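Quick notes on the structure that follows.
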Amino acid sequence: MKKASRLTFIESLIIMLVMFGMLGTMMIAWKMTPQIPILLTFTLLLFYGRFRGFSWKELQDGITEGVKPGIIPMIIFIMIGVLVSAWSMSGVIPTIMVYGLELLNVRFFLFTVFVSCCLVGIIVGSSFTTISTLGIVFMGIGQVMGINVALTAGSIVSGALFGNNMSPLSGTTNLSTGIAGVDNVFDHIRTISHTALPAATITAIIFLIAGHTSANPNMSSVHHIINALNANFFISPWMLIPIAVLIFCAIIQIPAIPTLLAGSVAAIIMHIFIDHPTVKTISDQIMNGFQLNSADKKINAIVSGGGITSMLSSISLILVALTLGGVLIKMGVVDNLIGRLNNQVNTPGKLILTSMISAIGVNFLVGEQYISIILPGTTFRDNFKKQGIQPEYLLRVLASGGADINALVPWGVTGIFISGVLGVSPVVFISCAFYVWLNPLLTVIFAFVFGKNYDQSHVKNVKMVKVSEPINN
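Residue 1 is where the sequence shown starts when you use the UniProt record's numbering, and the numbers rise one by one after that.
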């Protein structure tokens, strides 16, 4: 067997174009389930790697290294499946829905959803937690009110990701801070707010306008849903206790997995005291999801869901996507592409645009937000320093192009999660996740307009750090 040699830039570029062409054709034109196109692409890449002299062990090491960052997110997916089922069976989600239907005005629904998800996202520091709790509730309320599904999902995603960007508790925020070499996470929040706040303001205005163009809901239908929920569940402020438990755990910075477990256990305990289910019933619902069997099929569809099995398809997609990404990294495809881009910049605007393209490209190649933060961050940070640009501006790129854009990648960890939890295709919510589009766009525009002011003459205590593997969210 011939010895493996480094792939050229042209080879890497061709691999990327062929890969995107295959995935696009099979997933969009032929409407194939994403796992199959990714597996086929992965198979061809393996054969090409062998042809270029990479050993099976090297390729297998790439697979292992690629999957490693996704282990914790996959466990979180399972915990969220448990949480959703526990909150549904106990009446937590129905309680929030009843209060929401009684209090929310359809004209301000989308705006309220966006702002609520922003605030909760900042408090808990996790877009996953925000989407899997408030997101599910708002999707149900929006369905009852007759709100466009894409707009509802887009407002949830936009608010959750803004909150994640602005929270000092966020895993991606702290990872970006470390990669860029900034000691204080609040410097990150201050700097990113210069683009995130305008993006959020524009997004809020869009949802406000969209809400005022929505048709009035059939109030008799809304009242029917409220009555049906009251008839099938114990609706009470006491049912908000599991939410308080979850928020408290997040505020005191308990990691995501035990936080989700605490919220689930609190709901199950209340369910036991109120409804007296058998252990077998609880275990079946945790595994397979909660299923309401009332005479009203619409109510059944709205409140049923969750369970570990509901996340298995998403987990399998994450596995195959990260497997493909790991081999691309091991073969040097990703390094070749972003390395060439790094050598082509000589102004602040071009540097930020190029690093943004790299972060977005890694997202689409690898599908993992931590890697899309780490690779461009470690590649470009010396160039930022060399050009005298404050490292906080690299943070803007890593947050918007690295962490946020992952939500727009159908095979990305965040995109898969959103699709699985909210029950909508990525194509549905991508078009209306306005904040996710606006934040990186404004980051690049501001770089070209104000780039000459991006010097680091007043920055102190800057320390470049090396991160060998991503931290857990």
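All C-beta atoms, glycine included, are put in the ideal place defined by N, C-alpha and C. Since this is a predicted model, take the numbers as computed values, not measurements.
| Candidates Thr41, Pro391, Ser294, of which the one nearest Met26 by Cα | Thr41
| said: So for Val182, helix, strand or coil by DSSP? | reply: strand
| From what residue to what residue does the alpha helix (DSSP H) around Asn363 run? | 348-366
| message | Classify Trp87: buried if its beta carbon has 16 or more other beta carbons within 10 angstroms, exposed otherwise. | response | buried
| Under a CB-based cut-off of 7 Å, is Leu317 close to chain D? | In the displayed structure, chain D is absent; only one protein chain is listed.
| field | C-alpha distance - Leu351 paired with Asn300, whole-angstrom precision | value | 52 Å
| message | Among Ile205, Pro168, Ile202, whose alpha-carbon lies nearest the alpha-carbon of Ile251? | response | That would be Pro168, whose Cα lies nearest to the Cα of Ile251.
| request: In angstroms with no decimal places, state the Cα-to-Cα distance between Thr309 and Ile247. | output: 26 Å
| request: Just the C-alpha distance for Pro37 and Leu44, rounded to the nearest angstrom, thanks. | output: 11 Å
| Taking all protein chains shown into account, do 16 or more other C-beta atoms lie within 10 angstroms of the C-beta of Asn336, making it buried, or fewer, making it exposed? | Buried, because 16 or more other Cβ atoms sit within 10 Å of the Cβ of Asn336.
| Three-state secondary structure assigned by DSSP to Gly377 | helix
| said: Quick check on the DSSP output: the alpha helix (DSSP H) that includes Gly81 runs from which residue to which? | reply: Looking at the DSSP string, the run of the alpha helix (DSSP H) that includes Gly81 is 71-90.
| Can you check whether the CB of Pro391 is closer than 7 Å to the CB of residue 475? | Since the displayed the chain opens at 1 and closes at 473, residue 475 lies outside it and no answer follows.
| Of the residues Leu324, Gly423, Asn383, which one's Cα is nearest the Cα of Lys68? | In terms of Cα proximity to Lys68, the closest of Leu324, Gly423, Asn383 is Leu324.
| task | Please look up how many angstroms separate the CB atoms of Asn164 and Thr172, rounded, as I've assumed it's under 8 Å. | result | 7 Å
| request: Give the secondary structure of Phe290 by DSSP, where H, G and I count as helix, E and B as strand, and everything else as coil. | output: Taken through DSSP and simplified to helix, strand or coil, Phe290 comes out as strand.
| field | As assigned by DSSP and simplified to three states, the class of Ile389 | value | strand
| At which residues does the alpha helix (DSSP H) containing Leu322 begin and terminate? | It spans 312-330 - the alpha helix (DSSP H) in which Leu322 sits, taken as one unbroken run.
| Within 7 Å, strictly: CB atoms of Gly411 and Ala266 | Looking at the sequence provided, one finds Trp at residue 411 rather than Gly. Result no, Cβ atoms of Trp411 and Ala266 do not sit closer than 7 Å.
| request: Please report how far the alpha carbon of Ile226 lies from the alpha carbon of Val98, in whole angstroms. | output: 6 Å
| query | Are the region 345-359 and the region 59-74 touching, with three or more C-beta to C-beta distances below 8 Å? | reply | no
| Can you give, in chain order, each stretch of the alpha helix (DSSP H) that sits fully within the region 143-190 and has at least 4 residues? | 149-166, 171-180
| message | Just to confirm my understanding: we take Pro34, look at its own chain, exclude 5 residues before and 5 after, and list those with CB closer than 7 Å. What are they? | response | Met27, Leu317, Pro410, Trp411
| task | Compare the Cα-Cα distances from Thr259 to each of Ala244, Ile272, Phe273, Met270 and report the closest residue. | result | Ala244
| said: Taking DSSP's pairing of strands, which residues face Gly305 in a bridge? | reply: Phe290
| Burial state of Cys230 (16 or more Cβ within 10 Å) | Per the sequence shown, residue 230 should be read as Asn rather than Cys. Under this definition Asn230 is an exposed residue.
| task | Enumerate in chain order the residues of its own chain whose CB-to-CB distance from Val462 is below 6 Å, with the five nearest sequence positions on each side excluded. | result | Annotation note: pLDDT 41 at Val462 (below 50); position unreliable, no value reported.
| For Lys463, does the three-state DSSP call read helix, strand or coil? | Note on Lys463: pLDDT 43, under 50, position unreliable in the model; the coordinate value appears next. In this structure, Lys463 counts as coil in the three-state DSSP scheme.
| task | Taking Leu161 and Tyr370 to be in contact with their CB atoms under 8 Å, please state how far apart those CB atoms are, rounded to whole angstroms. | result | No, Leu161 and Tyr370 are not in contact; Cβ-Cβ is about 15 Å, not under 8 Å.
| query | Apart from the five residues just before and just after Gln291, which ones in its own chain have a Cβ nearer than 7 Å to its Cβ? | reply | Ser304
| Reference residue 476; option with closest CA among Met145, Ile192, Ser85 | Because residue 476 is not part of the residues shown, which for the chain are 1 to 473, the question remains open.
| said: If I follow the unbroken alpha helix (DSSP H) through Met219, where does it start and stop? | reply: 219-232
| request: Taking Val345 and Asn383 to be in contact with their CB atoms under 8 Å, please state how far apart those CB atoms are, rounded to whole angstroms. | output: About 7 Å separates the CB atoms of Val345 and Asn383; that is less than 8 Å, so the two are in contact.
| message | What does the alpha-carbon distance come out to for the pair residue 474 and Ile430? | response | In the structure as shown, the chain begins at 1 and stops at 473. Residue 474 is therefore absent and cannot be evaluated.
| task | For Glu368, count neighbouring C-beta atoms within 10 Å of its own C-beta (all shown protein chains included) and say buried if the count is 16 or more, exposed if not. | result | buried
| request: Output the distance between the C-alpha atoms of Ala447 and Gly377, rounded to the nearest integer angstrom. | output: 17 Å
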